[in-house]
Amino acid sequence: MYTKRLPLSFYARSALEVAPELLGKLLVHVTDDGITSGYITETEAYMGPEDKAAHTYGGRKTKRTQAMFGPPGHAYIYLIYGMYYCFNVVVATEGQPQAVLVRALKPKDGIQLMLTRRQVKENLHLLTPKKLYQLTNGPGKLCQALAITKEQYGCDLTGSTLFIAPGISVDHHDISTKPRVNVDYADEWAQLPWRFIWEFFLDS
DNA sequence: CATATGATTATG
DNA sequence: ATAATCATATGT
27 MYTKRLPLSF YARSALEVAP ELLGKLLVHV TDDGITSGYI TETEAYMGPE DKAAHTYGGR
87 KTKRTQAMFG PPGHAYIYLI YGMYYCFNVV VATEGQPQAV LVRALKPKDG IQLMLTRRQV
147 KENLHLLTPK KLYQLTNGPG KLCQALAITK EQYGCDLTGS TLFIAPGISV DHHDISTKPR
207 VNVDYADEWA QLPWRFIWEF FLDS
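In the numbering used here, the protein residues as written are 27 to 230.
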């Protein structure tokens, strides 16, 4: 179905470079239940040891964060609030623990399957563009919709089960930036505009 | 070993 | 505004 993948070179750059460029790219997960995918619409850059908001601040290397220290182009996934998974793309170079959090998607393939996984009652045909987007407009939500769990921890994103395809190109005028969400504890690092949002039209 | 808490979400 | 819910991080 999909043959192209973003090359390793795409990921071998700083989180600040990769985060905005990930917008419009297609995140795909192939499972026994079927294929689900969506265009990336929102990301956040986490720059590693110096970034107080990053899990690897101060070089913290633990069982949870080890994937961030590994080679780029792999998945860093963690559980938050005891109930939701968050999906990140490891970037930069091995030993340089940077990552990009994927915060939202615009659903593409496998919408019926996403509805089931997210336990949405609404009928597929009666789904408004807004309702459709609500399926994957949060880091925990998109992991539920695409069935991303710790099983995919460290997964090679140039591989064949959980991967990122080129998708569509986004005009940089349609990208806005904001401070990252829920990182108040990070002092001056909390205010940096390291959240990137693709301002697409809901019904396009 | 004990404790506090979080890169969130759903519901009221 | 607040509850849900637990792996991880940190300290003793």
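For each residue, glycine too, the CB sits at the ideal point set by N, CA and C. Keep in mind that this is a model prediction, so the values were computed, not measured.
By the neighbour-count criterion, in which 16 or more other beta carbons inside 10 Å mark a residue as buried, Leu131 falls on the buried side. Contact between Gln170 and Arg144 is confirmed by a C-beta separation of about 5 Å, below the 8 Å threshold. Straight-line spacing of the CA atoms in Gly108 and Leu34 works out to 32 Å.
If you compare the alpha carbons of Tyr211, Leu153, His199 with that of Lys78, the shortest gap goes to Tyr211. Take the alpha-carbon of Gly166 and the one of Lys147: they are about 19 Å apart. Burial state of Glu177 is exposed, judged by a 10 Å Cβ sphere holding fewer than 16 other Cβ atoms.
With fewer than three CB-CB distances shorter than 8 Å, the stretch 50 to 65 does not count as touching the stretch 90 to 102. By the neighbour-count definition (other C-beta atoms within 10 Å, threshold 16), Pro123 is a buried residue. For Ser35, the uninterrupted alpha helix (DSSP H) segment begins and ends at 34 to 37. Shown here for Ile66: same chain residues with a beta carbon closer than 7 Å to its own, the five before and five after excluded, namely Leu48, Leu49, Gly50, Lys51, Leu53, Val128, Leu131 in chain order.
Contact check for Lys204 against Pro219 passes: the beta carbons are separated by less than 8 Å.
The C-beta distance from Thr184 to Arg31 rounds to 5 Å, short enough to fall under 8 Å.
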